[in-house]
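Numbering (our numbering), first residue to last: 14 to 176.
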Amino acid sequence: MRVTRTPPERGSVLALVPAGFLVFIMLAALAVDSAVAYLGQQQLHDNLVAAANDAASAAIDHATFYRSGAVVLSLPVAEQVVCDSVSAQHSPQLRAEKLWLGVRGRAVRVVGEAQVDAVFGKAIPGFGSRHVKAVVDSVAANGPGQNAAQPGAAWDLVALPCT
C-alpha cells in the first residue's frame with residue numbers, strides 16, 4: 014500500500030476573521046437595540062399602570078357614590094389625572110408619546126404609544142427608533158370580589174391632549 018501525501022493547503026483564515034468579527038458586532042448591536050426597545054416598552058407600560066391606577070382611585074364620581082353607593086369614574090377627572098401622572102413620571106427615553114383613555118363604569122383603560130431611540134441602529138437608515146405600545150386596564154372596586162374588569166363592548170377611547 015502506497016501512501017501519497019498531498020501538499021498542505023495554504024488557505025488564508027486571516028481573510029475570514031474580519032468578516033466574522035463584523036457579523037459578531039452586528040449581532041451584538043442588534044441585541045443591544047432590542048434590549049433598549051424592550052426596556053422602553055416596559056417603562057411605557059409601568060407609566061401607564063401608575064396612571065391607570067391613579068385614575069381608578071382619584072376619578073371616582075363622589076356625587077354618584079354618595080347618592081347611590083355605585084362606583085363610577087368621571088371621564089374629565091380621569092383625563093386630568095392620567096395627564097398629570099404621566100407627566101410627573103417623565104421618561105426621557107420615550108419620545109412622541111401619544112395617550113388614549115377610555116372609561117366604562119368603574120373601569121379605566123389607558124393606551125399609550127411612544128418612540129424609543131436605538132443606540133446602534135441610528136447608523137442604519139430606517140432603524141434609528143422603535144415604536145412601542147402598551148395597554149393597561151384598572152378597575153375601582155367598592156368591595157371584595159369586585160375587582161374584575163367587565164367584559165363586553167369595545168372601549169371608546171379618547172385621545173388625550175396632554176403629551
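The C-beta atom is built at its ideal place from N, Cα and C for all residues, glycine as well.
Output needed for LEU86: all residues of its chain with C-beta closer than 8 angstroms, excluding positions within five of it in sequence on either side, in chain order.
If we look at LEU86 and ignore the five residues flanking it on each side, its Cβ neighbours are ALA68, ALA69, ALA72, ILE73, ASP74, VAL116, GLY118, ARG119, ALA120, VAL121, ALA153.
For the alpha helix (DSSP H) that contains HIS58, what are its first and last residues?
Unbroken alpha helix (DSSP H) run through HIS58: 29-71.
So the candidates are VAL45, ARG15, GLY53, VAL94; which of them puts its Cα closest to the Cα of SER104?
The candidate whose alpha carbon is nearest that of SER104 is GLY53.
I need the straight-line Cα distance from VAL84 to ARG143, nearest angstrom please.
If I take the Cα positions, the gap works out to 39 angstroms.
When DSSP labels each residue in this structure, what does GLN128 get in the three-state scheme?
Look at GLN128 here: in three-state DSSP terms it is strand.
Assuming VAL132 contacts VAL45 (C-beta within less than 8 angstroms), just tell me the rounded distance between them.
With 8 angstroms as the limit, VAL132 and VAL45 qualify as a contact, their Cβ atoms being about 5 angstroms apart.
For a quick check, are the C-beta atoms of VAL171 and LEU57 less than 8 angstroms apart?
No, they are not a contact pair.
Using 8 angstroms as the threshold, is the C-beta distance between ALA91 and LEU114 below it?
Going by beta carbons, ALA91 and LEU114 fall inside the 8 angstroms limit.
What is the DSSP secondary structure of ALA167, counted as helix, strand or coil?
In the structure shown, ALA167 sits in coil (DSSP, three-state: anything other than H, G, I, E or B).
Give me the Cα-Cα distance between ALA109 and ASP130, rounded to the nearest whole angstrom.
Cα to Cα, ALA109 sits roughly 11 angstroms from ASP130.
Just mark VAL16 as buried or exposed, buried being the case when its beta carbon has 16 or more other beta carbons within 10 Å.
Counting Cβ neighbours within 10 Å, VAL16 comes out exposed, since fewer than 16 surround it.
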